[in-house]
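For the protein sequence lines, the chains are A and B, in the order given.
Counting in my numbering, the first sequence runs from 178 upward without gaps.
Counting in my numbering, the second sequence runs from 178 upward without gaps.
Note that beta-carbon positions come from the ideal geometry of N, C-alpha and C, so glycine has one too.
Please read these numbers as outputs of a predicted model, since none were measured by experiment.
One structure is given below, encoded as structure tokens.
There are 2 protein chains.
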Amino acid sequence: MIDAKTPALLLDASRARLNVRRMAEKARRLGLRFRPHFKTHQSVGVGRMFREYGVEAITVSSVDMARYFAEDGWNDILIAFPVNVREVEDIRELAAGVRLGLLVESPEAVRRLAGTWPGSVDAWLKIDVGANRAGIEWDDLELAVAVAREVTALGPLRLRGLLTHNGQTYLARTPAELGAVHGESLKRLRAVREALAGRGFGGLEISVGDTPSAKRLEDFAGVDEIRPGNFVFNDVMQLELGTCGEDEIAVAVACPVVALHPRRAEAVIYGGGIHLSKESLVTRGGEEIFGRVCLPEGDGWSGALAATAVTSISQEHGIVRTTPDVLARLRIGDLLAVLPVHSCMTVNLWPEYLALDGVRIGTIRAWDCATPGV
Amino acid sequence: MIDAKTPALLLDASRARLNVRRMAEKARRLGLRFRPHFKTHQSVGVGRMFREYGVEAITVSSVDMARYFAEDGWNDILIAFPVNVREVEDIRELAAGVRLGLLVESPEAVRRLAGTWPGSVDAWLKIDVGANRAGIEWDDLELAVAVAREVTALGPLRLRGLLTHNGQTYLARTPAELGAVHGESLKRLRAVREALAGRGFGGLEISVGDTPSAKRLEDFAGVDEIRPGNFVFNDVMQLELGTCGEDEIAVAVACPVVALHPRRAEAVIYGGGIHLSKESLVTRGGEEIFGRVCLPEGDGWSGALAATAVTSISQEHGIVRTTPDVLARLRIGDLLAVLPVHSCMTVNLWPEYLALDGVRIGTIRAWDCATPGV
Numbered sequence: 178m179i180d181a182k183t184p185a186l187l188l189d190a191s192r193a194r195l196n197v198r199r200m201a202e203k204a205r206r207l208g209l210r211f212r213p214h215f216k217t218h219q220s221v222g223v224g225r226m227f228r229e230y231g232v233e234a235i236t237v238s239s240v241d242m243a244r245y246f247a248e249d250g251w252n253d254i255l256i257a258f259p260v261n262v263r264e265v266e267d268i269r270e271l272a273a274g275v276r277l278g279l280l281v282e283s284p285e286a287v288r289r290l291a292g293t294w295p296g297s298v299d300a301w302l303k304i305d306v307g308a309n310r311a312g313i314e315w316d317d318l319e320l321a322v323a324v325a326r327e328v329t330a331l332g333p334l335r336l337r338g339l340l341t342h343n344g345q346t347y348l349a350r351t352p353a354e355l356g357a358v359h360g361e362s363l364k365r366l367r368a369v370r371e372a373l374a375g376r377g378f379g380g381l382e383i384s385v386g387d388t389p390s391a392k393r394l395e396d397f398a399g400v401d402e403i404r405p406g407n408f409v410f411n412d413v414m415q416l417e418l419g420t421c422g423e424d425e426i427a428v429a430v431a432c433p434v435v436a437l438h439p440r441r442a443e444a445v446i447y448g449g450g451i452h453l454s455k456e457s458l459v460t461r462g463g464e465e466i467f468g469r470v471c472l473p474e475g476d477g478w479s480g481a482l483a484a485t486a487v488t489s490i491s492q493e494h495g496i497v498r499t500t501p502d503v504l505a506r507l508r509i510g511d512l513l514a515v516l517p518v519h520s521c522m523t524v525n526l527w528p529e530y531l532a533l534d535g536v537r538i539g540t541i542r543a544w545d546c547a548t549p550g551v
Numbered sequence: 178m179i180d181a182k183t184p185a186l187l188l189d190a191s192r193a194r195l196n197v198r199r200m201a202e203k204a205r206r207l208g209l210r211f212r213p214h215f216k217t218h219q220s221v222g223v224g225r226m227f228r229e230y231g232v233e234a235i236t237v238s239s240v241d242m243a244r245y246f247a248e249d250g251w252n253d254i255l256i257a258f259p260v261n262v263r264e265v266e267d268i269r270e271l272a273a274g275v276r277l278g279l280l281v282e283s284p285e286a287v288r289r290l291a292g293t294w295p296g297s298v299d300a301w302l303k304i305d306v307g308a309n310r311a312g313i314e315w316d317d318l319e320l321a322v323a324v325a326r327e328v329t330a331l332g333p334l335r336l337r338g339l340l341t342h343n344g345q346t347y348l349a350r351t352p353a354e355l356g357a358v359h360g361e362s363l364k365r366l367r368a369v370r371e372a373l374a375g376r377g378f379g380g381l382e383i384s385v386g387d388t389p390s391a392k393r394l395e396d397f398a399g400v401d402e403i404r405p406g407n408f409v410f411n412d413v414m415q416l417e418l419g420t421c422g423e424d425e426i427a428v429a430v431a432c433p434v435v436a437l438h439p440r441r442a443e444a445v446i447y448g449g450g451i452h453l454s455k456e457s458l459v460t461r462g463g464e465e466i467f468g469r470v471c472l473p474e475g476d477g478w479s480g481a482l483a484a485t486a487v488t489s490i491s492q493e494h495g496i497v498r499t500t501p502d503v504l505a506r507l508r509i510g511d512l513l514a515v516l517p518v519h520s521c522m523t524v525n526l527w528p529e530y531l532a533l534d535g536v537r538i539g540t541i542r543a544w545d546c547a548t549p550g551v
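Take a look at the structure:
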């Protein structure tokens, strides 16, 4: 039975392993390199589960995170964030020990990478296929060519390919919509690749990464590499999108009940924005929620309670709205297991996981503290 | 000049000191006990600034936070969160060294506090004056009496008073509205106090806590203690409410510029939900923003740039929407200083502050890691 005095980040390692295994098998079946994004779990302990299924290449979102995983033996690491030129010396140091991938999207940033590089460094052009976050806009061929030229001129960096994160798949509400968004994205990437080949930059790879596409779709024609991250844990957002089942959600936050309000069928839990994050979603029913609520059951947690959700959140408080029936069964001091809306943001708040067998598994946050000067 | 390779939490200690001094002076002038909420800064280093202005009693939001500040010599500590009965033994241990205040709101929770207590423990009845978060609803006199009876029957706890956090003041859009909300809240608290006196529970104190009221209002008739927290740093939310000026905002997040997008007058910064939190607000103009943007200037930062804000955020990326003029002056690798929407939630993400003189000041997060078994 789950036991915790204060809020704790629970990990169902069996579910996480199954999620990893399925994705690894799918990538193998489709002939894709599987380079999972480790920013979701941020833990060498969880990372080792991926090794069990043959994963050798990983994605991270910061130089620090690359260093953290490199120390645990990972040696093919892509930093999937536009290169931060303020960290060039740290990146150079890192490149001495691992095969490194960097994202570039402007000639200026590439020029700031000048100098000698100790190891093998791949440059990926970050392409914006329509999300309008970061990257070279897919129809701005002149910019893509200019960046490719800078990389080639620089020498030590190898122009490896085109990379995108298609965040727009999160807006798709049906499988057909998801397929259409994904198809359009691949079409654009292939067009950029072809145009660059026509301008003398041939043999570029394509790397894509988002959990909804990677989980639901089969058509990855022209793609060399996938980089999903969230699938290892999933969350209420994926559930709402229909890209996972409840039994694929591998993390939850244990929250003590501190007050019961029968008048309004609400419980107050010790579990707020500092435990769950402030990420919310609006359900298909039009309700803003901050998590789904389960009861401890066996060694883990039950299915999500019907007509029950975290409907409001402040720094430490969560308000669980439920039915009079459920409320009548709750007692002060009980634990609830809250499924997070966005597991990446929730996990980022914690120094460790509490696995269902009672083992504690550290995250980068614990490592950060142990690093002198940080 | 501000210098950081990666995102950093900047602290303007002079501004913070001035914010503390003003609030301490106001409390003294109004004859109120000043028990600031330390969950905003979560730092013994920042806490010591309060000592310089005569503060002796503090508010925290967890048992861990109480222990952290107790280790630094604070000995009059109120844990302003409904008592978590799973932590009774830890609370008992804490009570041996400090004068402790606890919040209770149900007979059940009070009964779980039975047993001997080593020191002086005050019980405060948490009253809900209309925010519908936690607490005994102000018009539920029977429940208030029942809880008061349990406390008295238990013996070792002393029934100290009534406490509320009037979160509704954050909804007030004008000083008149704020005054009306605050006035109604005090009226309700005084009514509960009077009713309890009539039932044999006399001499109860009243404790209130929210920054908008504490900063803007003068009428605290009947109040014994104020517990504002946010005022030490303020933030864009307070600015939007009109309860602080820009020169009273004492924290900002330094974020490197990693990409520029002239086509849409946007910059991409290394600064996302893991640095700022996902807290947003909708401005009077109807725009959802995640922070205001300043330039480094002198030893600190400039005023907020006009027509410029963080308008979208993901795990590590922030999108700054600005004017073509501002964008034309930015370079890859520049630092921007982002004023957070909600400083409490932002600070909670960091192990340390970087003060403008280059000194690093730790938070509870660094201490947490150093504590064995955590």
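Endpoints, beta strand (DSSP E) assigned at residue i
i: isoleucine 235 (chain A); result: 235-237
i: arginine 469 (chain B); result: 468-471
i: valine 262 (chain A); result: No beta strand (DSSP E) holds valine 262 (chain A); DSSP gives it neither H nor E.
i: proline 433 (chain A); result: 428-438
i: valine 445 (chain B); result: 443-447
i: lysine 182 (chain A); result: That residue, lysine 182 (chain A), is in no beta strand (DSSP E); it is neither H nor E in DSSP.
Closest by C-alpha distance to residue i, when choosing among the options
i: alanine 273 (chain A); options: A:Pro284, A:Ser283, A:Phe258, A:Thr293; result: A:Thr293
i: glycine 296 (chain B); options: B:Arg198, B:Pro333, B:His218; result: B:Pro333
i: serine 384 (chain A); options: A:Ala201, A:Ala234, A:Glu402; result: A:Glu402
i: asparagine 343 (chain B); options: B:Lys392, B:Asp387, B:Arg276; result: B:Asp387
i: arginine 205 (chain A); options: A:Val400, A:Gly419, A:Asp305, A:Gly375; result: A:Val400
i: arginine 194 (chain B); options: B:Thr183, B:Ile451, B:Arg228, B:Ala442; result: B:Arg228
i: glycine 406 (chain A); options: A:Asp424, A:Ser238, A:Tyr230; result: A:Ser238
i: threonine 540 (chain A); options: A:Ala185, A:Ser220, A:Glu371; result: A:Ser220
i: cysteine 421 (chain A); options: A:Leu472, A:Gly450, A:Pro352; result: A:Pro352
i: tryptophan 301 (chain A); options: A:Trp544, A:Leu279, A:Pro439, A:Asp317; result: A:Leu279
i: asparagine 525 (chain B); options: B:Leu512, B:Gly510, B:Trp544; result: B:Trp544
i: glutamate 361 (chain A); options: A:Glu282, A:Gly338, A:Asp316; result: A:Asp316
Whether residue i touches residue j by CB criterion (8 Å)
i: leucine 336 (chain A); j: threonine 329 (chain A); result: yes
i: valine 515 (chain B); j: valine 459 (chain B); result: no
i: proline 184 (chain B); j: valine 435 (chain A); result: no
i: valine 232 (chain B); j: glutamate 282 (chain B); result: no
i: serine 454 (chain A); j: threonine 523 (chain A); result: yes
Residue i, enclosing alpha helix (DSSP H) - first and last residue
i: phenylalanine 227 (chain A); result: 221-229
i: leucine 334 (chain A); result: It is not in any alpha helix (DSSP H) - leucine 334 (chain A) instead sits in the beta strand (DSSP E) that spans 334-341.
i: valine 324 (chain A); result: 318-331
i: arginine 506 (chain B); result: 501-506
i: alanine 300 (chain B); result: Unbroken run through alanine 300 (chain B) is the beta strand (DSSP E), 298-305; no alpha helix (DSSP H).
CB contact check: residue i to chain D, cutoff 8 Å
i: glycine 450 (chain A); result: Of the protein chains in this structure, namely A and B, none is chain D.
Residue environment, residue i, which counts as buried when at least 16 other CB atoms sit within 10 Å
i: methionine 200 (chain B); result: buried
i: serine 479 (chain A); result: exposed
i: arginine 506 (chain A); result: exposed
i: alanine 560 (chain B); result: The requested residue 560 (chain B) is not part of the displayed model; chain B covers only 178 to 551.
i: glutamate 202 (chain B); result: exposed
i: alanine 357 (chain B); result: exposed
For residue i, the three-state DSSP class (helix, strand or coil)
i: valine 518 (chain A); result: coil
i: serine 384 (chain B); result: strand
i: cysteine 546 (chain A); result: helix
i: valine 551 (chain B); result: The predicted position of valine 551 (chain B) is uncertain, since its pLDDT is 33 and thus under 50; a value taken from the coordinates is nonetheless stated next. Of the three classes helix, strand and coil, the one that applies to valine 551 (chain B) here is coil, per DSSP.
i: phenylalanine 215 (chain B); result: coil
i: lysine 203 (chain A); result: helix
i: arginine 393 (chain B); result: helix
i: threonine 488 (chain B); result: strand
i: aspartate 189 (chain B); result: coil
i: lysine 455 (chain A); result: coil
i: glutamate 581 (chain B); result: Chain B is shown from 178 up to 551; residue 581 (chain B) falls before or after that span and cannot be answered.
i: glutamate 402 (chain B); result: strand
i: glutamate 425 (chain A); result: helix
i: isoleucine 509 (chain A); result: coil
i: valine 497 (chain B); result: strand
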